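Numbered according to my numbering, the sequence shown spans residues 8 to 406.
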Amino acid sequence: MPKPRILIAIHYLEIGGVETSLISLLDAWDYEKADIDLFVYSHRGEMMAHIPPQVTLLPEIKSYSLIESPIVRTIRNMRLGIAFGRYMARRRHQSFLKHNPQPTGDSIYGYIGRHVTPWLPDINPSVTYNLAISFLTPHDIVLRKVKARKKICWIHTDYSSIGHDARLEHPVWAAYDHIASISPAVTKGFLSHHPSLSDKIIGINNILSPTLIRTRADEFIPSEMDRGSFTILSVGRLSQPKNFENIPAITSSIISITGLTDLRWYIVGYGGMEQEIRDAIDAAGMQDHVILLGKRENPYPYIKHCDLYVQPSRYEGRSVTVREAQILGRPVVVTAYPTSYDQIDHLADGVIVPLDNDGCASGIASVISDKALLESLSSTCLSRDYSDSREVEKIYRLL
């Protein structure tokens, strides 16, 4: 009997939590059970180098690589249908934002899925897969462009905290055999908009590889981080959900509360809000205290060598970088975004602080001042298993 064959699709493999969790899933996979074809829309990103050799990476298709490109570039590449779809998606999304009380950039992917997918060619059309996995929205693509006996799509974000067009996206979610949710709080947020889909939900936690994370954390000692200071670190895309633009004001308040004039808060990441964050640093006079390190192919040494890891997000699904910090034994502070209590055992393996700037600063200052708590948080994290490696068995059962 031939071995089952699975297709997994994702946009690209830049450094990010979703991409890291996919690579970890591929590392944990038992290739005696099923073969995996990986379709990456655009073959870019540092994580491409970490695709396991047992995985078959399908060739890049030009139309797919241009899905998120500027419309002008799409036209120059003579993909006029993709350009038209992007234009229609942008227009419909702008109209939606005018009437949506919680507008976020993520909501555009539903419109891209609706208007761009018809112009895309089928993915590996000669194969009918046993299982096709859409690992990231828009899920229209795997639904419409892959032949498979069973299909599953993933929820990676908190739908209670983002504005999205539920009427537009509902038929897509409903057409899948299963919907994988990374935490109970993510499930709750999703079902608040799509209550009729509860029977399709399967809880599958993000998988991480502690061995890989710890090995890579020892590759070098970050020369950019001032070891004579108390160092805070945050890692993530420079985007609205991460709330990094408020770090300068929070840092200023922490210094006022604690008197720690040698405090340094480092940010590893890249994205469209870089200038806004730099402007906030200047406005708060925090040029010597908040340092943007930019994109780093290997963020783990920075995590290992910080004194405190902070995730000040407005919302998260289930933060991969928080779990990576816990695997490396770092004390962790997160803001009270809706899914935070799904991930943090408050005062045991992390601390949850208010999301507003004053409350966040006061909470972080209290943690910094409590050396016993810092040591306890670190010790607890090192004693726990955050890999969730057995979650892969839930996918085996779908076969």
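Ideal Cβ placement from N, Cα and C applies to all residues, glycine included.
Just so we're clear, the structure is a prediction, and the values are computed from it rather than from any experiment.
- Nearest to ASP289 by alpha-carbon distance, out of ASP314, ILE254 and GLY279, is ILE254.
- When the beta-carbon positions are compared, LEU240 and ILE284 stay at least 8 Å from each other.
- For GLY279, no beta strand (DSSP E) run applies, since DSSP gives it neither H nor E.
- For VAL193, the uninterrupted alpha helix (DSSP H) run begins and ends at 191-198, by DSSP.
- Between the C-alpha atoms of HIS122 and PHE91 there is a straight-line separation of about 8 Å.
- For CYS160, the enclosing beta strand (DSSP E) covers residues 158-162.
- For ARG271, the enclosing beta strand (DSSP E) starts and ends at 271-275.
- The secondary-structure analysis by DSSP pairs LEU138 across a beta bridge with ILE13.
- When DSSP states are grouped into helix, strand and coil, THR238 belongs to the strand group.
- In chain order, GLU26, VAL47, GLY52, MET54 and MET55 place their CB closer than 7 Å to the CB of LEU20, counting only its own chain and leaving out the 5 sequence neighbours on each side.
- The way I'd put it, the segment 55-64 doesn't touch the segment 76-92; fewer than three beta-carbon pairs between them come closer than 8 Å.
- According to the DSSP assignment, PHE91 belongs to no beta strand (DSSP E) but to the alpha helix (DSSP H) extending over 87-105.
- The Cβ atoms of ILE264 and SER369 lie closer than 8 Å to each other.
- Around the beta-carbon of HIS353, fewer than 16 other beta-carbon atoms lie within 10 Å, marking it exposed.
- Judged by DSSP secondary structure, GLY366 falls within the alpha helix (DSSP H) whose first and last residues are 364-376.
- The beta carbon of TYR116 lies closer than 7 Å to those of THR144 and PRO145 in the same chain, with the five residues before and after it left out.
- Excluding five sequence positions before and after GLU231, the CB atoms of its chain that fall closer than 7 Å to its own CB belong to LEU300, given in chain order.
- Under the Cβ criterion (8 Å, minimum of three pairs), the segment 136-155 counts as touching the segment 12-19.
- DSSP, read as helix, strand or coil, puts TYR307 in helix.
- Remark: three or more beta-carbon pairs, one from each stretch, lie closer than 8 Å, so the segment 144-161 and the segment 126-133 are flagged as touching.
- About 14 Å separates the CB atoms of THR238 and MET293; that is not less than 8 Å, and the two are not in contact.
- For LEU64 against LEU45, the beta-carbon gap comes to about 5 Å, under 8 Å, which counts as contact.
- Contact holds between the segment 183-203 and the segment 162-175, because three or more Cβ pairs, one in each stretch, are under 8 Å apart.
- In the three-state DSSP reduction, ALA41 falls in the coil class, being neither helix nor strand.
- The beta carbon of TYR277 is closer than 8 Å to those of ARG244, LEU245, GLY301 and LYS302 in its chain, skipping five residues each way along the sequence.
- Using a Cβ distance threshold of 8 Å, SER168 and TYR344 count as a contacting pair.
- Bridge pairing for SER203: absent [DSSP].
- LYS10 and ASP42 do touch by the CB rule: their CB atoms are close to 6 Å apart, below 8 Å.
- Residue range 24-35 is occupied by the alpha helix (DSSP H) that includes GLY24.
- In the same chain as GLU252, and ignoring 5 residues on each side of it, the C-beta atoms closer than 8 Å to its own belong to MET280, GLU283, ILE284 and ALA287, in chain order.
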